[in-house]
Structures are given as structure tokens and as C-alpha cells.
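For reference, the structure is listed below as C-alpha cells.
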Amino acid sequence: MKRMTFLKGLVGAAAIAAIGLPVVAQETIKIGEINHYKRMAAFAGPYKLGIEMALEEVNAAGGVLGKPMEFIFRDDQGKPGEAVKIAEELMTRDGAVMLTGTILSNVGLAISSLAAEKKYVYLASEPLADAITWSKGNDYTFRLRSSTYMQAAMLAEEAAKTDAIRYATIAPNYAYGKDAVAAFKKALTKLKPEVEFVAEQWPALFKIDAGAEAQALERAKPDAIYNVTFGGDLAKFVREGGTRGLFEGRNVYGLLSGEPEYMDPLGDEAPEGWVVTGYPWSEITEGPGKVFVDAYMAKYDDHPRIGSLVGYMTVQSIAAVLEKAGSTDSEAIRAAFADLPVSTPVGDITFRAQDHQATMGAYVGTIALKDGKGTLENWVYKDGADYTLSDEEVMKLRGSGN
Amino acid sequence: MGFFIAQILTGLANASALFMVASGLSLIFGVTRIVNFAHGSFYMLGAYVGYSFMQVLPGAWGFWTSILLAGLVVGIIGIVVEMLVLRPVYKAPELFQLVATFGVILVVQDLTLLIWGADDFLGPRAPGLKGIIRIMGEPVPKYDLALIALTPFVAFALWWLITKTRTGILVRAATQDREMVGALGVNQAWLFTGVFFLGCALAGLGGAVQLPKGGADLLMDFNILSAIFVVVVIGGMGSLPGAYVAAVLISVLNVFGVNYLPQSTLALMFVVMVVVLIFRPFGLFGREEVAGEHGQVGEPERPIKPAGQTARMIVMAGLVLLAFLPLIGDSFLLVLITDIAIFCLFAASLHFLLGLGGLVSFGHAAYFGGGAYAAALLVTYAGTPMELALILAPLAAGLTAIIFGWVCLRLTGVYFAMLTLAFAQLLWSLVFQWGDFTGGDDGLVDIWPSEWASGTTTFYYLALVLCIGGIIILRHTAHAPFGYALRGARDSARQAEATGINTKHVQWVAFGFAGAMAGIAGGLFVFSKGSIFPNELEIARSFDALIVVFLGGVKTLAGGVVGGAALEGAKDYITRFEYWRLLLGLLIIFVVIVAPDGIAGTLRKWAEKIGLMKREDQA
Numbered sequence: 001m002k003r004m005t006f007l008k009g010l011v012g013a014a015a016i017a018a019i020g021l022p023v024v025a026q027e028t029i030k031i032g033e034i035n036h037y038k039r040m041a042a043f044a045g046p047y048k049l050g051i052e053m054a055l056e057e058v059n060a061a062g063g064v065l066g067k068p069m070e071f072i073f074r075d076d077q078g079k080p081g082e083a084v085k086i087a088e089e090l091m092t093r094d095g096a097v098m099l100t101g102t103i104l105s106n107v108g109l110a111i112s113s114l115a116a117e118k119k120y121v122y123l124a125s126e127p128l129a130d131a132i133t134w135s136k137g138n139d140y141t142f143r144l145r146s147s148t149y150m151q152a153a154m155l156a157e158e159a160a161k162t163d164a165i166r167y168a169t170i171a172p173n174y175a176y177g178k179d180a181v182a183a184f185k186k187a188l189t190k191l192k193p194e195v196e197f198v199a200e201q202w203p204a205l206f207k208i209d210a211g212a213e214a215q216a217l218e219r220a221k222p223d224a225i226y227n228v229t230f231g232g233d234l235a236k237f238v239r240e241g242g243t244r245g246l247f248e249g250r251n252v253y254g255l256l257s258g259e260p261e262y263m264d265p266l267g268d269e270a271p272e273g274w275v276v277t278g279y280p281w282s283e284i285t286e287g288p289g290k291v292f293v294d295a296y297m298a299k300y301d302d303h304p305r306i307g308s309l310v311g312y313m314t315v316q317s318i319a320a321v322l323e324k325a326g327s328t329d330s331e332a333i334r335a336a337f338a339d340l341p342v343s344t345p346v347g348d349i350t351f352r353a354q355d356h357q358a359t360m361g362a363y364v365g366t367i368a369l370k371d372g373k374g375t376l377e378n379w380v381y382k383d384g385a386d387y388t389l390s391d392e393e394v395m396k397l398r399g400s401g402n
Numbered sequence: 001m002g003f004f005i006a007q008i009l010t011g012l013a014n015a016s017a018l019f020m021v022a023s024g025l026s027l028i029f030g031v032t033r034i035v036n037f038a039h040g041s042f043y044m045l046g047a048y049v050g051y052s053f054m055q056v057l058p059g060a061w062g063f064w065t066s067i068l069l070a071g072l073v074v075g076i077i078g079i080v081v082e083m084l085v086l087r088p089v090y091k092a093p094e095l096f097q098l099v100a101t102f103g104v105i106l107v108v109q110d111l112t113l114l115i116w117g118a119d120d121f122l123g124p125r126a127p128g129l130k131g132i133i134r135i136m137g138e139p140v141p142k143y144d145l146a147l148i149a150l151t152p153f154v155a156f157a158l159w160w161l162i163t164k165t166r167t168g169i170l171v172r173a174a175t176q177d178r179e180m181v182g183a184l185g186v187n188q189a190w191l192f193t194g195v196f197f198l199g200c201a202l203a204g205l206g207g208a209v210q211l212p213k214g215g216a217d218l219l220m221d222f223n224i225l226s227a228i229f230v231v232v233v234i235g236g237m238g239s240l241p242g243a244y245v246a247a248v249l250i251s252v253l254n255v256f257g258v259n260y261l262p263q264s265t266l267a268l269m270f271v272v273m274v275v276v277l278i279f280r281p282f283g284l285f286g287r288e289e290v291a292g293e294h295g296q297v298g299e300p301e302r303p304i305k306p307a308g309q310t311a312r313m314i315v316m317a318g319l320v321l322l323a324f325l326p327l328i329g330d331s332f333l334l335v336l337i338t339d340i341a342i343f344c345l346f347a348a349s350l351h352f353l354l355g356l357g358g359l360v361s362f363g364h365a366a367y368f369g370g371g372a373y374a375a376a377l378l379v380t381y382a383g384t385p386m387e388l389a390l391i392l393a394p395l396a397a398g399l400t401a402i403i404f405g406w407v408c409l410r411l412t413g414v415y416f417a418m419l420t421l422a423f424a425q426l427l428w429s430l431v432f433q434w435g436d437f438t439g440g441d442d443g444l445v446d447i448w449p450s451e452w453a454s455g456t457t458t459f460y461y462l463a464l465v466l467c468i469g470g471i472i473i474l475r476h477t478a479h480a481p482f483g484y485a486l487r488g489a490r491d492s493a494r495q496a497e498a499t500g501i502n503t504k505h506v507q508w509v510a511f512g513f514a515g516a517m518a519g520i521a522g523g524l525f526v527f528s529k530g531s532i533f534p535n536e537l538e539i540a541r542s543f544d545a546l547i548v549v550f551l552g553g554v555k556t557l558a559g560g561v562v563g564g565a566a567l568e569g570a571k572d573y574i575t576r577f578e579y580w581r582l583l584l585g586l587l588i589i590f591v592v593i594v595a596p597d598g599i600a601g602t603l604r605k606w607a608e609k610i611g612l613m614k615r616e617d618q619a
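Chains A and B, in that order, give the protein sequences.
Residues in the first sequence are numbered from 1 upward in steps of one, following UniProt numbering.
Residues in the second sequence are numbered from 1 upward in steps of one, following UniProt numbering.
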């Protein structure tokens, strides 16, 4: 029988196929970028465009360390195990000097753990989980985007200004949703101890039964609602809740609900009056934020999403850290990240030495309709540095992680 | 009281789309015996096509016409799929077609992305039905009421079609005994095509009709899949009234679950399914499956025999090559082969159940992920060293398999498969929900091998020894008396019983054994990746293994291993391309069509034809 033989042949063929891949033999500095390009196409697409735009700018200005910078984009199918394998390939075979990417927190955590084990530098660009820089933080992992806690604390600050006492929450039933609710509760209770949480709804991610959830929230008769659902869940929740009058006379706070990725699909049904974190690209009229929006629209004939901004800032951060490090050695890059300042479209940010979290903040505003589309009004940009835990708390969290 | 009624109305409205999609799946399975994994894709296409029509057709008239057109278009797409992809493989071993439908899922996903783009669409509201009506003070959306009114018409039309028309008579006859129908001169091919059209059209209708309550997005195909399988199984495969009752039951229970037990959203559906199947092993309205086909489909299976002299030599040569690989390959090649070896052991353990035992498990990830989680939890909480964790992982996985197997083995065929899926899903939701202990979705991280095995090369050897060892043990067991007993139970339970084999017992032991082997793979997996997340317990993971076993060849001993190596190797290469899902889907469909006996089986046939191998009957 030649069945086992055939197996060996296949393994061999796979190996040869893998070895035989063309490698660009050019003097470039390579960055390994791992993402869920297919699984989360709506989010990873604009992110990649942001990266490509920034790369062009960086390379037009002479690259980094005198060489052009190059990103190797790889799709991990949204699976942590795949991402770890690809990370190994990028670092050991493709000659990447560091890793970046991911949207899903679990994939981010998997790469972060690998980074610590193998001493690769990893810049977690988009995943939000607090654990990445706190309880599971490690020496080799850094994060650009403001964490779940930071964004929830910004909304809690707004919520504390009102006289709402009875709060109901609705969040997808997984780690991000739970973190987001816990963070909001913690931050709000600190600011306003008398608040009560009268209902907690936990729809399964992307399988919301919006009608039933709206009924359940209505039944609790809250003064205010805190929403963490996003994507298709948000659309269904907004529609069913709106149809049934759930949001009438209530303050609603929505985490990420104002980001173009989530608000654009709602069209003229964007829920007016919700206080949300988001990205009011059309309302930014001056400064580096405006320059970025204009350049992006000129290049792609489409408006930037929050992912575009994060992608753009990822490249800026990496270029800055490599210049500061003066080499592509992992240890040098890692050391250079400490208190690294970066000038970005949202202003100057710093990668905090104590928890490797960048101080990138978020835009908080109220959803309003303009030309049949949702946008933010009365928005402010809140600096991430003001919405984190105290250094002692951070130390305590990070201490247990390693 | 008003609240209570509003709840039930919400549940009934939710049941509407669910019923349409599920009844289509049920019909297709009933007549063609195809487990159509791609049914969710047709639902998704219905939503997208319906959305596009609604953009151009105005008003209430346009809205309802769009829904009908969506059903029609998706039905036609269904015909295309049936004729191009499924017709060539009807003669293949039972359930083989599900691999083809899996390929269809991948193709549809990428084509949808290509045509409609990545952004989600919010469904248009139904003209004239935008507001609410207050029933006893509670707001009820008008469109919900329209759906509640509409569904019985669809159900009635289907019922009329099935019970009162000649087509229906043929469909029912084919559901009971399709060979007999064929023998009576009915053109089976067109009957199957017709049923496929109807089933897909229903899925398309379901997708379009839910638009005002949601929209169209690229994840909806997988998101509805488990729900419709649950509905079909609870109702009884092939039963339309069953599908309706089950859709209503699940939807209404879900609405009450959301209100009174908000955390239940992940598991409720599967708990209901387990309870129903324990008391009604064939679903609420299902009948006992007629003992499969009259004999096996396709040609009779060959007896297995140990590998011959030449084969052994070549396998040895392959092993030697693998042993010296660290000297010639780079470090990533070792990582890749480690991954492939682990997956091969996982696939081989499922192949053992499926090929030798005839036990189609749809939930094999429970034991792979179970072993991985057992190891990870031991390391995280007890500081267990890797060596001990790798020993305990298969024990934990085997024990899980023995417990699950005890319940599942009361059932047979597709109901058995669905119950294994339900248990896997329950384990998944337990791990997912119990965040304080299992880390939930954020998983368990920083689980790396002991110091001595932490180098890529050392771990490669460790994985290689354990995986190849496991595969050899599985192979050896097939040739041992236990393997003979297991195959006896598969081929004819009654005859095996008569010769004194306790078939249930043998199958139970096999279930536990295969689970333990999957557990070894899981344990190795967690140490190779350093972390574990609930997605290793997901349905998609179980399907991965299922696909490769069929792709490799159920009826050849090496099927699992060959399929695993081929697919993992191909994936590693293909995912580098932009539209890799399209490529991979087409590749799977291509392999399915040219190699209906699986890769190993078909290669063997070719080798025999050109004289490279001797046919067994001549040997």
C-alpha cells in the first residue's frame, strides 16, 4: 500500500511549496502585519488602506534608517493558532523585524504571548482588551489604540454629568462585552456612587434577538442605557429599540457606536442623541486631523474609517520607534518604545513606559443626522492619558500577568 | 399579561425566517440525504439579492416582489450548485457531499464580498409596515405581525405541495426510499434538482424576509447555521410540521431566555436539543431512520489489510526524512510540520470513529479542545509541568468522550451526529461563559513547553514522536480484534450482536479512545501555540476535521492523515492570496469531483489502473 507514502509526498510537496515562495530580495525593513482581512473585511480593509497611505508617505520621505519600509500582510482567518504560526514565519523566514496587527482581542493575546516567549516585538494596533497591556501585559507587547477601559471611562464621565440613576446595560456575551460593562460600572460608580444597575442583557455576539432584548430592557424601566453591541447586532438593536420607543426620553451611551464602521451602515437611522465614542471625520476642520482626512479622501475617493486612522498611526508609531531605536534589533526596538512620542492626526501621543499603552484617546460626541447620515456633534477629543488606572493599580495588574 | 403576549409575538415573528430556512434544509436532507452545510450561504445570498432588488423596485409592491425574486434567484443558484457540484458525487460514500457543500460556503463567501463589498447593509423597512401597534399597552412592530401572518401561508403552501401534488408524492416517496423511486422509473436526478431548487429558494426567502428586522452582512451564513440544524433536528429530519413547531419552540424559548436568564443566550438552544433528543431520539415529528440505504451506496468496501513490504519501506523512508528535516529545513518549516502533524493526529482520531466505527461525530473538536483546555488549566492553576499535562490531557479528553458518548450512543445516524455537535457546543459555551476559570473568550495564555522542549527543533521531535506514535496506535488498533469488532458493529449491528459482540460497548470504548487520541493532539497544540481560546472547541473546528477525513477518504485507512496533511499544507499556501477562500473552495470542490473516493482512495484506484499497485482480489 502506498497510502502512507502519499502522505509523506504531500508533506514534502507542501514543504517545497512553502520554501519555493518568492521572497523579495530587496533592502527593505520588513514589518509583519497579521490580520483578519477576510473574516472582518469591513474593518481590516480601511485599516490596510491607512497603512498603505502612511507607508507611501514614510518612504517618500526617505524611509526609516535610510531604507524603505515594507509591510507583509498576512491573513490569519481570525484564528489565534494560525496567527501564531504566521507570526513565526514572518519573524524567522520572511525577515520581519517586528509584528503588528489584529482586531480580535483573542488573536492579539495569542501573538502577545508568543512575543514574550520568543522575544519578538509586537505592536497590537487595534485589539481593545484591557488584558493586553494590563493583566496579561508583557515586556514585548505594546498597544496603540485606547483600551476598552479608557473608552468606557470616557463615556462614564459623560454619564455622571446627568441625573440618571437607573442604568441598564446591553453587551455582546463575550470578553470584550463583559470588560466594557465592568469598566463602565467601575468608572461610573467611582464618579457617582448612587447609580444602580437594574438590568444586564447579554446577547450572543452577532446573533442578537433584538426584539426580545429591547423588551427586556424596557421592562427594567431604566433612566439610561449603556450599549456595547456593534456591527449587525447594533443595527438590529437600533431598529427594534427605535421601533418600540425604547430610547425615547432616555440617555443612551454607546461604546464605539459612533465609529464610521458601525454608524455608516445605519444611514438615516443612526440613533440621534446617543452619546458615543467614534470618529467624526467630516467635522474635523483643522489641524493634523484635517490634513489626514483630506489626504485620505484625495487618495482613495472614500472617507476614512477609524480603522484607517489606526492603520495610519500604526505605521507612524513603527517608523518613530525604529528611528529612535536606531537599529532593527528586538531589544533596541523594545527599549525605544518606552515613553516614545509620536505625532499623529489626533495629536501627540506617547507610549507609556509603565504599561506599554499609547495615550491615543477617543472622540466623544452626540449622534446627529446630517444629510441623511449619522455624524457626531458637540464632540471633543479626550486624551487617553486622562482615562487610565492609577500607576499603582496598573503595577498590580501587570505584576500578576507574567 | 400584555408583556407576556408581546413576548410570544416576538418569538413567533423570529420563528418566521428560521422556519423558512430550516424547512428548506429539512427537505433537502429528507430527499437527497445531503447534509447541506452551505444552506446558511443561500440564506445570506437571499438577503443580499433581496436587498439589491429592494434598491431598484419601489414601494410596497416592489418590496414584496423583491422578496419573491430573491427566493427565485437563490433557488436558481441552488440548481446551478446542484448540477455542477453535487450531481457528480451522488454515488460517493454517504455524507461525502457535505465536503462539497463546505467548498460552496467558501466560494459564496468570497463571491459575495466581491460583488457587494465588505460593508454591512441595513435592511430597508417594509413600506406601510414601519410603525407599531399597541397590544394591551405593549408595542408590537407591524412587520412582526405581518411575518406571523405570512409564515402559516408559506407552511400551508409547502404542506399542500408535499401532500397534494404528484411532485409531493414523489418527494415523500424519495424521502422514504429513493432507490425504490428510482426503480419505478422516476428520474431521480431531476427530482433532486427540483428539491434543491425548492430548498434553496426557501433559504433565499428566509434571508430576504428578515431584511427589515436586520440586514445583510458577511457573517450571517455561519451565524444561522447552527440554529437551523438545531431546528431541523428537534423537529425531526425531513418533517415540515416538525420544522415549524421547532422553529417556534426555539424562538419563543429564546425570547423568554433573554428576559429571565440573559446569560443563557449561548447555550439555551443546545440544551433544548439535548433534552428533546434524549426523550424523542428522532426529534418531535421524525420517524426512525429506515436502516440507511439498502446496503451501502457505491461499491462495497474492501477489507483492510496491513501495509505491504514496499509500502512499509517507503513510509520508513518518509519517517527518516522527517527525522532529518531539522538539518535541511529552516525553523519555520519545523513549525509548519508540527502544526500539520498535530492536525493529522486529530483527523486520524476522527477517521477512526467515522471510517472504522461508522460513527459520524460532528463534535470532535470537543475532545481536541477539551484536551487542550485540560492541559492549559492544569498549567495555569496547578503549575503542572508539561510532561504531566501531556499525559493528563488525553485522559481528560477521553473521559469527556466517555461521558458524552454514553448519552450520544443511544442515537444513530444523523441524530447521533447532531447530538455530538450539541454536546461540543455545550462544552464550548461552558468554556466561553465561565470566564473566571477558563478565561472565556480571552482564553488562557503563556502556556509554553518545559525548558528542555522549548526549542523549535526539540518540540518538533516531541510532537512528531507523539503524533506518529498516536497514528500508528490507531492504525494498529484497526487491525486488532477490537478493530474487527468495531467494523462488525458498523456493517451489521445485528450480525455482530449475534456473534457475541456487545456492539454498543465496543462503540463506546472506541468513542473514548478516539477522544483520548484527539486529546493528545489538543495537548500538543496548546504547548505549540502557547495559548488556547474557545475557538478550538467551535463547530468550525469539528468541521475542519470532518472535511479532511472525507477529503482524504473515509474508506481508506490513511484517509484522515492524507486529508489532514493535504488540506493543512494547501491552506498554508493558499491563504497567502487575496481571495484565498474562493481558491480553497474551488480546490475542495475540484478534489471532491475528481476524487469521489477521497484523495487516498482515488489515488489507489488510479495506481491500480496503471498497474502500479495490485488489486486486492488478484493478490
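Backbone N, C-alpha and C fix where the C-beta goes; we use that ideal spot for every residue, glycine too.
Item                                                                                                                  : Value
Closer than 7 Å at the beta carbon, the chain B residues around A/Gly243                                              : First, the residue type needs correcting, since residue 243 of chain A is Thr and not Gly in the sequence shown. Simply Ile132, Pro141.
Buried or exposed by the 16-neighbour rule on C-beta atoms within 10 Å, applied to A/Asn106                           : buried
Alpha-carbon spacing of A/Leu397 relative to B/Leu444, whole angstroms                                                : 16 Å
Interfacial residues, the region 178-195 of chain B to chain A, with Cβ spacing under 9 Å                             : none
A/Trp379 (DSSP reduced to helix, strand or coil)                                                                      : strand
With 16 other Cβ atoms within 10 Å as the buried cut-off, status of A/Asn138                                          : buried
Cα-Cα separation between B/Tyr244 and B/Gly50, rounded to whole angstroms                                             : 23 Å
Status (buried if at least 16 other CB within 10 Å, exposed otherwise) for B/Val171                                   : buried
Per DSSP, cross-strand counterpart(s) of A/Leu369                                                                     : A/Gly374
Pair within 8 Å by beta-carbon distance, A/Val84 and A/Ile31                                                          : no
Contact with chain B by A/Leu389, beta-carbon distance below 8 Å                                                      : no
Span of the beta strand (DSSP E), counted from its first residue to its last, around A/Gly101                         : 96-101
Residues near B/Thr400 by beta carbon distance below 7 Å, same chain, minus five either side                          : Ala366, Tyr367, Gly370, Gly515
Nearest-angstrom Cα separation, counted from B/Val35 out to B/Leu95                                                   : 7 Å
DSSP three-state assignment for B/Gln263, whether helix, strand or coil                                               : helix
Burial state of B/Met386 (16 or more Cβ within 10 Å)                                                                  : buried
Where B/Glu82 falls, given that 16 or more other Cβ within 10 Å makes a residue buried                                : buried
Beta strand (DSSP E) runs contained entirely in the region 130-163 of chain B, provided each spans 3 or more residues : 132-135, 138-141
Cβ of A/Gln357 within 8 Å of any chain B Cβ                                                                           : no
Ordered list of alpha helix (DSSP H) runs contained in the region 197-239 of chain B, each at least 4 residues        : 220-235
Short Cβ contact (8 Å threshold) for A/Ile72 with A/Glu33                                                             : yes
Neighbourhood of B/Ala100 by C-beta, 7 Å cutoff - its chain only, sequence neighbours within 5 removed                : Val85, Leu86, Val89, Ile589, Val592
Partners in chain A for B/Val255, counting only beta-carbon separations shorter than 7 Å                              : Asp209, Ala212
Any C-beta of chain B under 8 Å from that of A/Thr314                                                                 : no
Contact set for A/Ala159: own chain, Cβ-Cβ below 6 Å, skip 5 residues either direction                                : Leu188, Tyr253
A/Arg39 Cβ short of 7 Å to the ligand ZN heavy atom set                                                               : No copy of the ligand ZN occurs in the structure displayed, which carries no ligand at all.
Alpha carbon of B/Leu18 to alpha carbon of A/Glu392, nearest angstrom                                                 : 51 Å
CB of B/Ala47 within 8 Å of CB of B/Met220, strictly                                                                  : yes
Closest by C-alpha distance to B/Thr412, when choosing among B/Ala489, B/Leu390, B/Glu451                             : B/Ala489
7 Å CB neighbourhood of A/Ile16 in its chain, flanking five on each side removed                                      : Any reading at A/Ile16 must be qualified, since the residue scores a pLDDT of 47, below 50, and its modelled position is unreliable; the value itself is stated next. None.
Secondary structure of B/Leu444, DSSP reduced to three states                                                         : strand
Buried versus exposed call for B/Ser528 [16 or more other C-beta atoms within 10 Å across all chains shown]           : buried
Residue from B/Arg541, B/Thr602, B/Phe533, B/Leu584 with nearest C-alpha to B/Val562                                  : B/Thr602
Chain A within 8 Å of B/His364, Cβ atoms only                                                                         : no
Interface positions of the region 81-100 of chain A facing chain B (Cβ-Cβ less than 7 Å), listed along the chain      : Gly81, Val84, Lys85, Glu88, Glu89, Thr92, Arg93
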